[in-house]
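Peer 1:
Residue numbers (this note's numbering), protein chains in the order written: chain A, 22 to 268; chain B, 13 to 363.
(1) How would you label residue 361/B, buried or exposed, when you count the other beta carbons within 10 angstroms and need 16 or more for buried?
(2) Here's the rule I'm using: 16 or more other beta-carbon atoms within 10 Å means buried, otherwise exposed. How should residue 149/A be labelled?
(3) Can a CB atom of chain B be found closer than 8 Å to the CB of residue 195/A?
(4) Residues in the region 280 to 303 of chain B with C-beta within 8 Å of chain A's C-beta atoms, listed in sequence order?
(5) Quick check: is the beta carbon of residue 211/B nearer than 8 Å to any beta carbon in chain A?
(6) Identify which residue in 153/B, 161/B and 202/B has its Cα closest to the Cα of residue 277/B.
(7) At the 8 Å Cβ level, is residue 219/B part of the contact set with chain A, yes or no?
(8) My assumption, with CB atoms under 8 Å, is that residue 265/B sits in contact with residue 159/B. Please give the rounded CB distance.
(9) Which residues of the region 155 to 175 of chain A have a Cβ closer than 9 Å to any Cβ of chain B? Give them in chain order.
(10) Count the CB pairs spanning the region 182 to 201 of chain A and the region 104 to 117 of chain A that are closer than 8 Å, and state whether there are at least three.
(11) Can you check whether the C-beta of residue 233/B is within less than 8 Å of a C-beta belonging to chain A?
(12) Rounded C-beta distance between residue 70/B and residue 257/B? I'm assuming under 8 Å.
(13) Closer than 8 Å, Cβ to Cβ, to anything on chain B: give me those residues from the region 100 to 127 of chain A, in chain order.
(14) In three-state terms, what does DSSP make of residue 95/B?
(15) Report yes or no: is there a C-beta of chain A within less than 8 Å of the C-beta of residue 343/B?
(16) Does any residue of chain B have a CB that is nearer than 8 Å to the CB of residue 87/A?
(17) Please name the residue in 124/B, 214/B, 228/B and 236/B whose C-alpha comes closest to that of residue 72/B.
(18) What are the residues that DSSP puts in a beta bridge with residue 103/A?
(19) Looking at residue 95/A and residue 142/B, is the spacing between their C-beta atoms short of 8 Å?
(20) Quick one: residues in its chain with C-beta nearer than 7 Å to the C-beta of residue 358/B, no 5 flanking neighbours on either side, listed in chain order?
(21) Mind checking which residues open and close the beta strand (DSSP E) that includes residue 55/A?
(22) With C-beta atoms as the reference, is residue 264/A less than 8 Å away from residue 59/A?
(23) In three-state terms, what does DSSP make of residue 125/A?
(24) Exposed or buried, which one is residue 262/A when buried takes at least 16 other CB atoms within 10 Å?
(25) Buried or exposed, going by whether 16 or more other CB atoms sit within 10 Å of the CB of residue 38/A?
(26) Counting only the same chain and skipping the five closest in sequence on each side, list residues whose C-beta sits under 6 Å from that of residue 319/B.
(27) Return the residue from the list 279/B, 219/B, 331/B and 301/B that minimises the CA-CA distance to residue 115/A.
(28) How do the region 208 to 227 of chain B and the region 235 to 243 of chain B stand: do at least 3 beta-carbon pairs fall below 8 Å, yes or no?
(29) Residue 222/B versus chain A: which residues are under 7 Å apart at the beta carbon?
(30) DSSP three-state call for residue 32/A: helix, strand or coil?
(31) Note the first and the last residue of the continuous alpha helix (DSSP H) segment covering residue 206/B.
(32) Output, in sequence order along the chain, the residues in the region 123 to 139 of chain B whose CB is closer than 8 Å to any CB in chain A.
(33) So residue 289/B and residue 60/B are in contact, right, with Cβ under 8 Å, and what is the actual spacing, rounded?
(34) Within 8 Å of any Cβ in chain B, is that where the Cβ of residue 214/A sits?
(35) Helix, strand or coil for residue 39/A? Go by DSSP, reduced to three states.
(36) Going by beta carbon distance, what residues of the same chain come within less than 8 Å of residue 79/A, once the five residues before and after it are set aside?
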């Protein structure tokens with residue numbers, strides 16, 4: 022397997038706060054990788070660094086063989102690296118179908134294609150993806166009127182609409198009804214297997230991440246504390262200390 | 013297009029076509045109504061569809077007005093002498109000169125503001141929310157003051173536009189000529205906006221309004237769309253300005269061209285009254301607003317600004333989403349917001 026994402030010795034400080042210090046991780050093509058760590062350990066900062074929300078202080082990030090550490094967000098997204106957010110970000114006043122249509126990648130994206138009609142087949146594709154996440158019957162409702170859990174599912178469907186190579190998911194199951202969580206796990210596994218999309222998932226729900234990921238990285242105080250298979254992480258004393266406090 | 017829509021379009025079109033003959037006394041007022049619709053429609057591109065409250069769109073209106081008049085004059089006479097003469101020396105356009113000048117001025121009154129919008133937009137469309145609003149407010153005011161300081165275009169005294177040529181028709185023909193131009197421009201603006209709102213462009217504007225960060229995270233080049241949106245606004249606003257300048261016959265920098273306190277506020281009010289972010293909202297808003305304003309002006313002179321203030325308060329408190337927004341809230345089904353009960357399978361599967 023080849024490496025799709027490589028984060029190499031990344032530093033990110035906010036004034037005196039060392040959000041990321043010497044963080045390195047690699048994600049293999051086609052795998053599901055977890056990123057865990059206590060609150061404030063720098064997980065979301067790392068996501069922001071990877072997709073280009075803010076510049077990094079030192080180090081480098083490679084996606085699919087290309088250096089992306091200094092690219093702006095839309096450019097990184099165009100390469101096929103997308104993220105979802107911890108708090109859902111959807112287009113509240115548009116209906117679900119419109120949310121999906123606008124998430125598609127236009128064939129030609131130049132200044133002369135701005136006024137192009139949206140192809141009809143995209144509507145069908147949107148409907149199929151909405152069926153996949155179980156929102157088909159609500160497709161004509163405004164996205165802002167959906168529940169939080171449904172908005173998360175919509176956001177996942179929107180990301181899939183863009184046909185990314187890799188998805189960064191920031192707490193996909195946070196704030197969701199426990200009965201829905203299994204549905205989300207199934208769908209994430211399907212996304213990985215059927216669509217061939219590599220996943221890097223931030224998650225606090227240990228049951229979810231242990232079932233989902235093949236490899237887990239653990240951050241604490243901005244530094245990479247441990248990496249390994251779910252079993253190795255579970256039995257790693259440093260990780261247990263970081264979460265529960267050392268004796 | 014369904015039958016009801018066709019009837020509505022037909023009615024509006026025939027009203028526009030025959031109004032000068034049916035209500036000859038109101039010809040000027042109806043011409044101004046078409047101009048107001050353009051103002052509201054173009055403001056809504058930013059304020060409604062894109063969610064950027066611009067208080068400076070009047071800038072393009074004024075630039076269009078000055079460009080049109082300057083070109084009309086400058087093509088045949090020295091502009092500086094024209095404005096400096098102040099009536100002492102008479103310049104007269106021949107009929108063909110008048111229409112040649114008007115034609116070129118008409119086109120440039122759209123193109124020049126559009127270019128200005130692209131340049132300014134590149135600089136300030138990175139600002140968001142209140143910061144953008146304040147910045148554009150400053151732009152409109154500054155433009156008026158600057159125009160008031162340029163001698164070439166008459167400075168604070170303003171400038172006159174070429175009078176209607178003596179050779180053909182009288183004031184009757186002149187008012188009809190401008191009436192139909194305003195009507196045509198309103199229709200063209202409406203049709204073009206209706207078309208672009210259906211394309212990817214329209215969806216991107218709405219996406220920017222609802223969540224710009226998300227749009228960027230999904231790979232959308234938002235700046236490009238914001239600038240193009242402003243350019244489209246400026247183009248039609250500029251032409252509307254050029255037309256109104258010719259209709260009034262006299263351009264004053266702060267009261268007519270860069271009239272932030274009147275047209276600049278009206279365009280915002282009309283769009284909000286009708287329902288911002290909808291295609292029909294600005295049209296309805298402009299009509300209701302104009303009838304209301306002129307009604308008070310005629311029957312309760314002296315109270316018109318009190319009434320306008322009261323109208324603003326009523327809109328903000330009772331119809332914050334405007335007439336169209338209120339209708340949508342009341343009858344969501346009519347606007348296509350329905351749960352598809354025929355497909356419960358997906359929901360069952362999910363649980």
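The beta-carbon is built from N, C-alpha and C at its ideal position, and this holds for glycine as well.
Keep in mind that this is a model prediction, so the values were computed, not measured.
Peer 2: For this structure:
(1) Low confidence applies here, because residue 361/B scores a pLDDT of 48, under 50, leaving its location unreliable; read the following figure in that light. By the neighbour-count rule (16 or more Cβ atoms within 10 Å), residue 361/B is not buried but exposed.
(2) exposed
(3) It does not: the Cβ of residue 195/A has no partner Cβ on chain B nearer than 8 Å.
(4) 289
(5) yes
(6) 153/B
(7) yes
(8) 4 Å
(9) Residues 155, 156, 157, 158, 159, 160, 161, 162, 163, 164, 165, 166 and 174.
(10) yes
(11) yes
(12) Contact between residue 70/B and residue 257/B fails: their C-beta atoms lie close to 13 Å from each other, not under 8 Å.
(13) 103, 104, 106, 110, 111, 112, 113, 114, 115, 116, 119, 122, 123, 124, 126 and 127
(14) helix
(15) So no, residue 343/B is outside the interface.
(16) no
(17) The option with the nearest alpha carbon to residue 72/B is 124/B.
(18) Per DSSP, 188/A.
(19) no
(20) Note that residue 358/B has pLDDT 47, beneath the 50 cutoff, so the model's placement of it is unreliable and the number below is only indicative. Nothing listed; no residue qualifies.
(21) 53 to 57
(22) yes
(23) Coil.
(24) exposed
(25) Exposed.
(26) 308
(27) 219/B
(28) yes
(29) 112, 113, 114 and 115
(30) strand
(31) 183 to 210
(32) none
(33) 4 Å
(34) The Cβ of residue 214/A sits no closer than 8 Å to any Cβ of chain B.
(35) strand
(36) For residue 79/A, where only same-chain residues beyond five positions count, the Cβ hits under 8 Å are 30, 31 and 32.
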